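Residue numbers (my numbering): 8 to 442.
A virtual CB, placed ideally from N, CA and C, is assigned to each residue, including glycine.
Remember, predicted model here, so these are calculated numbers, not experimental data.
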Ligand code: HEM
């Protein structure tokens, strides 16, 4: 855009309590407070500048249209220049110290920009497309049936998160990655620690008041565990290739050279972690919403044709990935405001998915919402690689579970995890009748 047409107005600063709420993990565990916070931002200062002690200022991109705009302009808004999730100054400095200058402890697709991003994404893209995934349908259905049977065996009461939602997507992605079942508890713990680092119930330190140095070191320790584990898998798949994703990664070539060890490890980390916690959250979020909305439960039970709608709506409803960051690479304009090179943008998918300008009655859970243009998988070059897999897994589980689930109600207080990055239900006690 030419200088002459550049808007003069810079984003205005948000009230300190609102800015603080947007990055407070506890707020993410209280849906009403979270919704009110972002509804205020969308109505009053939709591209507000957040100034929070200890953090570099950042802009909260709260409107659906602005999130789309940023996400599809990958040259103008980079992923890799700074931390891709909100990080305070101390933690970013520590990451740079540990890595010798990079703000990233791993280098996955998420931390890459062109030209590398495309090259690395191309390695596995075809594997995750519907055409290839179709051959997994029967096996995934078998796994789903096993979980539904397990639920029936539990005798009418369980914590749906612990008994089904956590382990079903974990099992699927671990089979896809070639990790044996015996190692799944270890993988689950590692992911929870990585994503749930701010939830006192889920992290290693058992305290919310982690100093940032401790937090970064905790993540570093978790990553080291991952790396050691996957190094053995790489060696095995190079020696004996199979048809799993681990084989594709281990034998991947970038610019006609074998993928480096660090980048291969990072690839496993993103597939292993992004591949289940998110899907677990939206699976549990779906059942939570169905218990809360018996009419929707009755409708989708009566009409299995609504299951794909249930899947999409529960992903919008839960929005398991709460945000990603982008950095402006040049001066530009967004939502009528002037963006300057170096501005750090907080893409709030949580907010975009409740935007009144796009969703009719956004705070209602509707299995027949159509269209459902949610942003939970991001958009543009980084659009979720696993979206078809996630949707397929959820569809199959509901196809298997709903016909057998006669009634369901809460058997205790459900709870959400305290997480500003990836989170969802961490507890969902239910009482039910099954055939
Ligand atoms: C409901 C479940 C899921 C949700 C809500 C979700 C959400 C997201 C989001 C928001 C992004 C980032 C987009 C961006 O930066 O613009 C992403 C990227 C990614 N997701 Fe997912 N995801 C889910 C399931 C999965 C699964 C099952 C996999 C398994 C492979 C997966 C693998 C990835 C990968 C590899 C990326 C990085 C893509 C890139 O940067 O090019 N995700 N996902």
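Closer than 7 angstroms: residue i CB and nearest the ligand HEM heavy atom
i: residue 130; result: no
i: residue 165; result: no
i: residue 327; result: yes
i: residue 397; result: yes
i: residue 150; result: no
i: residue 111; result: no
i: residue 386; result: yes
i: residue 383; result: yes
i: residue 339; result: no
i: residue 282; result: yes
i: residue 389; result: yes
i: residue 261; result: no
i: residue 394; result: yes
i: residue 143; result: no
i: residue 124; result: yes
i: residue 116; result: yes
i: residue 45; result: no
i: residue 171; result: no
i: residue 285; result: yes
i: residue 322; result: yes
i: residue 289; result: yes
i: residue 356; result: yes
i: residue 278; result: yes
i: residue 331; result: yes
i: residue 180; result: yes
i: residue 135; result: yes
i: residue 69; result: no
i: residue 78; result: yes
Option in the options with minimal Cα separation from residue i
i: residue 440; options: 141, 32, 324 and 155; result: 155
i: residue 352; options: 57, 42, 360 and 45; result: 57
i: residue 291; options: 342, 179, 344 and 421; result: 421
i: residue 289; options: 270, 267, 327 and 314; result: 327
i: residue 350; options: 357, 365, 332 and 428; result: 332
i: residue 225; options: 102, 405 and 365; result: 102
i: residue 230; options: 269, 186 and 255; result: 269
i: residue 356; options: 382, 263, 347 and 192; result: 382
i: residue 409; options: 49, 312 and 22; result: 312
i: residue 343; options: 72, 186 and 146; result: 72
i: residue 354; options: 172, 415 and 75; result: 75
i: residue 417; options: 85, 257, 437 and 428; result: 437
i: residue 129; options: 243, 261, 336 and 97; result: 261
i: residue 252; options: 320, 163 and 136; result: 136
i: residue 120; options: 79, 143 and 419; result: 79
i: residue 340; options: 159, 68, 195 and 266; result: 68
i: residue 190; options: 228, 220, 163 and 239; result: 239
i: residue 14; options: 338, 284, 419 and 123; result: 338
i: residue 406; options: 166, 149, 196 and 325; result: 149
i: residue 187; options: 237, 153 and 304; result: 237
i: residue 185; options: 243, 158 and 367; result: 243
i: residue 276; options: 97, 118, 93 and 126; result: 118
i: residue 304; options: 60, 245, 169 and 413; result: 413
i: residue 24; options: 60, 358, 54 and 38; result: 60
i: residue 66; options: 35, 27, 99 and 36; result: 27
i: residue 131; options: 283, 427, 37 and 258; result: 258
i: residue 133; options: 255, 287 and 336; result: 255
i: residue 169; options: 181, 146, 196 and 152; result: 196
i: residue 295; options: 272, 271, 307 and 321; result: 321
i: residue 359; options: 385, 16 and 281; result: 385
i: residue 86; options: 374, 17, 389 and 62; result: 389
i: residue 348; options: 281, 88, 49 and 21; result: 88
Residues that DSSP places opposite residue i in a beta bridge
i: residue 354; result: 68 and 331
i: residue 340; result: 345
i: residue 423; result: 432
i: residue 412; result: 441
i: residue 20; result: 56
i: residue 261; result: 264
i: residue 417; result: 437
Report the start-end ranges of each beta strand (DSSP E) in the segment 161 to 186 that is 3 residues or longer and not cut off at the edges. 164 to 166
Beta strand (DSSP E) runs wholly inside the segment 52 to 139, at least 3 long, in chain order: 54 to 57 and 65 to 68
Hey, which unbroken runs of the alpha helix (DSSP H) at 4 residues or more fall wholly within the segment 250 to 318? 252 to 257, 268 to 281, 284 to 299 and 301 to 309
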